[in-house]
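The structure under discussion appears below in the form of structure tokens.
Residue numbers (this note's numbering): 32 to 323.
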């Protein structure tokens with residue numbers, strides 16, 4: 032049974048879709064179809080794992096050295112998910128991408144709106160709704176729309192991943208991905224024992240940009256089609272790219288939301304203690320500005 036041995040485990044809205052696409056373009060990396068199988072996500076909610084059909088997401092694998100799972104929500108499962116991954120695939124390596132949590136929260140809000148949710152809620156109101164949600168409610172599956180703020184408290188989950196994975200864990204920053212993607216890719220490829228020069232330059236564009244859509248009905252239909260035709264996307268990923276491109280061309284429009292100064296200050300104050308804890312956890316390496 033072919034299982035993944037490389038996990039782009041987190042964090043959502045931190046550039047994982049772009050990094051997945053770049054790595055999957057390497058001839059020695061087989062990317063999952065779909066990108067996010069989500070096999071270990073039930074452990075995040077305290078539920079049992081699904082039936083053992085995980086390998087079907089890698090049925091197209093040949094002799095690639097690495098088989099890549101790109102489910103960024105795995106990060107929020109902490110030790111439960113990290114340990115389950117290591118048990119299923121003892122040689123597994125994991126990558127966590129961290130982004131300035133203020134920008135990540137705003138990106139998450141825009142992403143949820145692009146899915147037809149949070150209609151009529153401006154970002155300032157969204158932040159207050161997130162912060163008003165009791166701690167015990169944050170981890171509930173039905174409250175994921177309001178997990179955008181808490182999801183940037185990386186220090187809550189990082190130590191458990193470090194303990195479970197040790198040297199097989201790689202922590203990188205969205206800042207580097209944006210400023211110097213070639214250097215980031217070269218560094219990760221070196222860690223994986225790969226030649227980064229084998230990734231075509233044409234494959235290193237941005238992915239998964241959040242948009243709004245003119246018709247909510249058409250967007251909901253597109254989401255339903257995406258879920259319903261998952262087996263087709265698995266075997267013919269080009270068909271999903273074709274239909275997604277047509278949908279964006281016909282139904283997408285620019286996203287008008289802006290990150291206002293008041294919301295930024297509110298979030299910076301909220302994240303300050305979490306960022307201090309994270310900086311201490313990563314004190315042995317060079318840190319981006321938002322952690323110094």
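Glycine residues also receive a C-beta, built at the ideal position from the N, C-alpha and C atoms.
Asked                                                                                                     : Found
Backbone secondary structure at residue 95 - three-state DSSP                                             : coil
Assigned exposure category for residue 130 - 16 Cβ within 10 Å defines buried                             : buried
Assigned exposure category for residue 76 - 16 Cβ within 10 Å defines buried                              : exposed
Endpoints, the alpha helix (DSSP H) within which residue 289 is located                                   : No alpha helix (DSSP H) holds residue 289; DSSP gives it neither H nor E.
Option in 44, 48, 320, 304 with minimal Cα separation from residue 186                                    : 304
Expected contact under 8 Å - CB spacing of residue 205 and residue 116 to nearest Å                       : Incorrect: roughly 22 Å between the Cβ atoms, too far for contact.
DSSP beta-bridge partners of residue 230                                                                  : Note: residue 230 sits in no beta bridge, so no partner.
Uninterrupted beta strand (DSSP E) stretches inside the segment 34 to 85 (no shorter than 3 residues)     : 37 to 41, 60 to 62
Residue burial classification, residue 79 (beta-carbon count within 10 angstroms, cutoff 16)              : exposed
As assigned by DSSP and simplified to three states, the class of residue 178                              : coil
Neighbourhood of residue 227 by C-beta, 6 Å cutoff - its chain only, sequence neighbours within 5 removed : 216, 217, 220
Supposed contact pair residue 299 and residue 133 - C-beta distance, whole angstroms, cut 8 Å             : 6 Å
For residue 204, the first and last residue of its enclosing beta strand (DSSP E)                         : 200 to 204
Distance between residue 99 and residue 55 (C-alpha atoms, nearest Å)                                     : 7 Å
Residue burial classification, residue 244 (beta-carbon count within 10 angstroms, cutoff 16)             : Its pLDDT being 49, under 50, residue 244 is placed unreliably by the model, and nothing is read from it.
Of the residues 189, 209, 136, the one placed nearest residue 311, counting alpha carbons only            : 189
Identity of the residues DSSP links to residue 125 by a beta bridge                                       : 38, 200
Collapsed DSSP secondary structure at residue 131 in the structure displayed                              : coil
Given residue 36 as reference, the closest of 119, 111, 212 once Cα atoms are compared                    : 119
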